[in-house]
Structures are given as C-alpha cells and as structure tokens.
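Working notes for the structure below.
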Amino acid sequence: MLQVILDHYNYWIAIFLMMVGFYTVVARGNLVKKLVGLNIFQTSVFLLYISMGKVTGGTAPILDDRFQVYSNPIPHVLILTAIVVGVATTALGLGLVVRIRESYGTIEEDELDLADGET
Amino acid sequence: MIITLIDIILLTFMGATAFAILRLRSLFAVVMLSGIYSLLAASMFVSLDAVDVAFTEAAVGAGISTVLMMAVLALTGERERLPARTPILPLVVVTLTGAALFYATFEMPAFGDANAPVNLHVAPHYLKNSFAEVGLPNVVTSILASYRGYDTLGEVTVIFTAGVAVMLLLGGRKGDDAGIKREPADDAGNADSGDDDDRDTRGGAA
Amino acid sequence: MRHHRVLRIISKLLIPFIMLFALYVQFHGDFGPGGGFQAGVIFASAFILYGLIFGLENVRKVAPPAVVTRLIAAGVLLYAGTGYAGLFGGGNFLDYSVLRADPVAGQHLGIMVIEFGVGTTVAATMITIFFLFAGRDR
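Chains as they are written, first to last, in our numbering: chain A, 1 to 119; chain B, 120 to 325; chain C, 326 to 463.
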C-alpha cells in the first residue's frame, strides 16, 4: 500500500494541481486570476514530465566519470523551452488583459459579457 | 528515504499553495503566492534531477512572471469580485476529469522506474554517445542546441512572436492607435464609442 | 522608489554581479546547468531591477528601446544564420559539425553561437515586455 502511494504520489499531485488550475480557469471570472490558474496548470504538466524522467538513484544528466546512472534528459529539454515559451505567452495574455481593461474598464468576465450584450 | 520525504513535503506544499491561490480574493496575495509556488516547483525540479529546468523555473516563474503580474495589477486593480453564482458545472467537470486521470495513473510506470518506456527509447543513446558526438558534459545542452536544434529554433521564434505581439498590443500610446477601442464603432456603424454610459444601455437592451 | 537610499545603493551594488552571473550562466551552460534561456532572463532582470529602482526614463537611456527591439530579431537571425552556415558548409540545416575541420569543435562553436542567439532574443524580449507594461499610462 505504502509502495503504491510512493510510486504514484508525484502523478497524483500533478493531477491535483492540474485540476486546481483548470478550475481556476473555468470558474473564476477575473482575467488575471485565470492567467495564474493557467500557469498552475502549466507547471503541473512540467511536474508530470519531469517526474516521468526521474530514475531512482540517478543524478542530474551532466556527464562525469564518477556517476553511472543519470535521469532522462529529454523531458528536461522539452520542459526547459516550454517554461520560457510559457512566460512569453503569459506576457501576451497580460497584454490582452491590459487592453481589455482600457477598453471596457473592467477585467471581470461577467461584466465583460454584460458590456458586450451576450448575457 | 530522506529524498522521498523531501519530495512528498514539497509536493504537498505545492498543492496547498495552489489551493490557497484558488481561494484568495486579493490578487496581490495571489501573485505573491504564485511566485512562492514557482519557487517550490523549482526546488522540486532540483530534487527530480532536472537542474536546468529548476534554474529556468526559478528565474522565470519566480522572477519575471511575478514582476509582469505586479505591473499588470498596478494597471488593473487588485481585488477580485465574488462570482455571482456558485459554479456547480465546473466543479463537476473538474472532479470527473480528475477522477479519470487519477484512475489512469495506475497504468503508469512506477515513479523512478529505470525501465519505464520513456527511459528506454533515445535517452540511453544521448547519455552514452553525446559526449563523443557533441563533446559537452551537459547532456541537456547537447540535446537542446544540437540534436534538437530545430525544435529550439521554433521555440525562439515563438518568443520572438510573443514579443512582437505584445509590442503590437501595448506599443502605441493609450487610445491614439487603431486598437480595440474603436473597432466596435467601425463594425456597428454607429458612434458608440464604448464608454461607461453606452455600455449600460447596451447591456440593458440585451 | 528613488528616495529609498538602501534600495538604491544595494541595487547599484548588485546589478554588475547579476550581469556577470548572467554571462557566466550563458557561457558555462555547456558544462553545468544553464544556457541561453536562463542567461537571457537573468540579464533582463538586471535591467528590470534598474528600471524599478531608478525609473523607466533612466533605464531607457541605458537600453534604448529601438536597440532592444532590434536585438529581438537579431537573436533569431543569428540562430537561423548558424543553421544556414551549416547548410552552406555542406551539411544539413543546423548541422554544426561542418563549421570546423574537427566535428566536435564545430559542434562546440555552433552551440555557443546559437546559445548566444537564444540569450539575446530572450533578454531583449523580456526587457521590451517590461518596458511596455511599465510604460503604460494608467
């Protein structure tokens, strides 16, 4: 039982974080809060990838004669670039939020719907 | 054993921080907590041997992201309004999705398994041959810049594009460019400029 | 924040070290953790710190927006240009082995150049984004 928990704890937390982020995106009306939720979602995916690449007893994939076992470097590469792309897209989202605020005077989703006559 | 304990504590902290972000109404506190969340994630990545990723997450997530969010809060205000109704449907969707994913984890290889499929395909080749082929001790850099250089070129282009897009959105002075502000008037063909009074009447009409 | 003497002096002391650290991360990324992405962000954070403490108009004098925006494109062009250099050297696109007589030396050179391109683009993008958000009038 303990072994099952230890084997899957990373995945479970990744799923919990993903769902918290997902819920923040769909259920919260504030656009900045939505972007923070999106970041949490994103980090949960990072965590899932990196957890899958971990090898027990391994070390960071920087080659040295003293070590034999290394963790899988491929997820690291994928996630490394994803983080920087993530902040670039977050900046784009925040730029949109600033423009929406300037045009509508609010960043709450229901007030924006009201302003657009979509209720 | 001690590493496992550290892992579990860090992961639990991450979960708690994320939940606090969901619950809090003050956006200032939310942004600060998201910085803490990134720092916890970075610590977790160190413990999972992903030192390059941890470095990036600490610099980007805890540094630049927080600064940008603060700058936006200064422009937009820092209180979140309470939603008008309790959202039941999102909660149901999230619970069902979470349950399905939770069920799926039992098919995943155990954490730290050296024989997991993900660790068997090209990674051994990189770890074994990259020093002879590329000559760098840091395998992550070898893959990033050489084996998958094409990928990274794409990523740099994405960053370039995001920078250009933010320039387009925020580059002009407030209100004097052909931006979002004047588009509804052009489309609808009336003089409705979208300031406060007009919005109320339009909302009422709908 | 120009009136806070402690912040002013500490940040003045820190900024050179932040930049030096960014350069270390940039060029030591082949051997330890680091590389263009991280170095770019750290380098940009030095400018952002300067901007936060001494005001936007002062940091705009140090890093003129016209220059910084051109650097965004310059980094991508440097990266793609290295790819074409491999192509003209008789290899594939982004094949650095042909840049030098010794393939491993060529790889090393190619990686250093493209990491520099990545660092330039990331740093310039982050600085530009900060300028745009901080310079927005309320």
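Backbone N, C-alpha and C fix where the C-beta goes; we use that ideal spot for every residue, glycine too.
Query: Could you work out which residues of chain A lie near C/GLY357, taking near to mean beta carbons separated by less than 8 Å?; Result: ILE62
Query: Along chain B, which residues have their Cβ under 9 Å away from the Cβ of A/VAL45?; Result: Those within 9 Å of A/VAL45 in chain B number zero; the least Cβ separation is about 11 Å.
Query: Assess, as a yes-or-no matter, whether the region 416–435 of chain C is touched by the region 236–254 of chain B under the definition of 3 or more beta carbon pairs within less than 8 Å.; Result: yes
Query: Would you mind listing the alpha helix (DSSP H) stretches within the region 190–255 of chain B that are 4+ residues and don't spill past its ends, in chain order?; Result: 207–224, 242–252
Query: Compare the beta carbon distance of B/GLU274 and A/THR81 with 7 Å and say whether it is the shorter of the two.; Result: yes
Query: Hey, quick one: how far does the alpha helix (DSSP H) through C/MET451 stretch, first residue to last?; Result: 428–459
Query: Can you give me the C-alpha to C-alpha distance between C/ILE340 and A/LEU94, rounded to a whole angstrom?; Result: 27 Å
Query: Just to confirm the assignment, what range does the alpha helix (DSSP H) spanning A/GLU111 have?; Result: 109–116
Query: Mind the definition here: the region 194–210 of chain B touches the region 34–45 of chain A only if three or more C-beta pairs lie below 8 Å; say whether that holds.; Result: no
Query: On a Cα-Cα basis, can you pick out the residue from A/LEU63, A/SER71, A/PRO75, A/ILE107 that is closest to B/LEU201?; Result: A/ILE107
Query: How big is the Cα-Cα spacing for B/SER153 and C/GLY354?; Result: 27 Å
Query: In the DSSP output, which residue or residues are listed as bridge partners for A/THR59?; Result: A/TYR70
Query: Are the beta-carbon atoms belonging to C/ILE444 and C/LEU381 less than 7 Å from one another?; Result: Per the sequence shown, the amino acid found at residue 444 of chain C is Gly instead of Ile. It is not a contact, given that the beta carbons lie outside the stated cut-off.
Query: Considering only C-alpha positions, which residue in the set C/ALA388, C/GLU440, C/THR453 is nearest to C/GLY408?; Result: C/GLU440
Query: Report the rounded CA-to-CA distance for B/ILE183 versus C/MET451, giving the unit in angstroms.; Result: 8 Å
Query: Within its chain, find whatever has a CB closer than 6 Å to the CB of A/LEU31; leave out the 5 residues flanking it on each side and keep chain order.; Result: VAL97, ILE107
Query: When you compare each of A/LEU2, A/LEU6, A/MET1, A/ILE15 to B/ALA356 by their alpha carbons, which one comes out closest?; Result: The structure shown has nothing for residue 356 of chain B, since chain B only spans 120 to 325.
Query: Please report the straight-line C-alpha distance between B/ASP270 and C/ASN417, rounded to a whole angstrom.; Result: 15 Å
Query: Report buried or exposed for A/LYS34, applying the criterion of at least 16 other Cβ atoms within 10 angstroms of its Cβ.; Result: buried
Query: Pull up the CB-CB distance for A/ILE50 and B/PHE164, whole angstroms please, since I reckon it's below 8 Å.; Result: 6 Å
Query: If you measure from the beta carbon of B/MET227 to each beta carbon in chain A, is any gap under 7 Å?; Result: yes
Query: Report all residues from its chain with a CB closer than 8 Å to the CB of A/VAL36; omit the five preceding and five following residues, and keep chain order.; Result: THR24
Query: How should B/ILE122 be labelled, buried or exposed, when 16 other C-beta atoms within 10 angstroms of its C-beta is the threshold for buried?; Result: exposed
Query: Check the Cβ-Cβ distances between B/ALA297 and every residue of chain A, and say whether any is below 7 Å.; Result: A caution first: B/ALA297 carries a pLDDT of 45, below 50, which makes its placement in the model unreliable, though a value can still be read off. No, its Cβ sits nowhere closer than 7 Å to a Cβ of chain A.
Query: Buried or exposed: which applies to C/VAL401, given that a residue is buried once 16 or more other Cβ atoms fall within 10 Å of its Cβ?; Result: buried
Query: Around the Cβ of C/VAL331, are there at least 16 other Cβ atoms within 10 angstroms (buried) or fewer (exposed)?; Result: exposed
Query: Does DSSP classify B/ALA297 as helix, strand or coil?; Result: In this prediction, B/ALA297 scores a pLDDT of 45, lower than 50, which makes its location untrustworthy; the coordinate-derived value is nonetheless stated afterwards. Coil, per DSSP.
Query: Measure the CB-CB distance between A/LEU92 and B/VAL285 and report whether it falls below 7 Å.; Result: yes
Query: With distances taken Cα to Cα, identify the nearest neighbour of A/TYR9 among A/LEU48, A/THR59, A/GLY29.; Result: A/LEU48
Query: Could you please give me the residues that DSSP links to A/SER44 through a beta bridge?; Result: Partner(s): none; A/SER44 has no beta bridge.
Query: What residue from C/LEU377, C/SER336, C/LEU348 has the CA that sits closest to C/PHE458's CA?; Result: C/LEU377
Query: Drop a sphere of 10 angstroms on the beta-carbon of B/MET120, count the other beta-carbons inside from all chains shown, and report buried for 16 or more, exposed for fewer.; Result: exposed
Query: Assuming C/VAL447 and C/VAL366 form a contact by the criterion Cβ under 8 Å, report the distance between their Cβ atoms to the nearest whole angstrom.; Result: 6 Å
Query: Determine which residues share a DSSP beta bridge with B/SER145 and list them.; Result: B/ARG198
Query: Could you check which residue in C/LEU348, C/LEU345, C/PHE342, C/PHE362 has the C-alpha nearest to that of A/GLY86?; Result: C/PHE362
Query: Restricting to Cα atoms, I'd like to know which of B/ALA139, B/PHE221, B/VAL212 is closest to A/ALA27.; Result: B/VAL212
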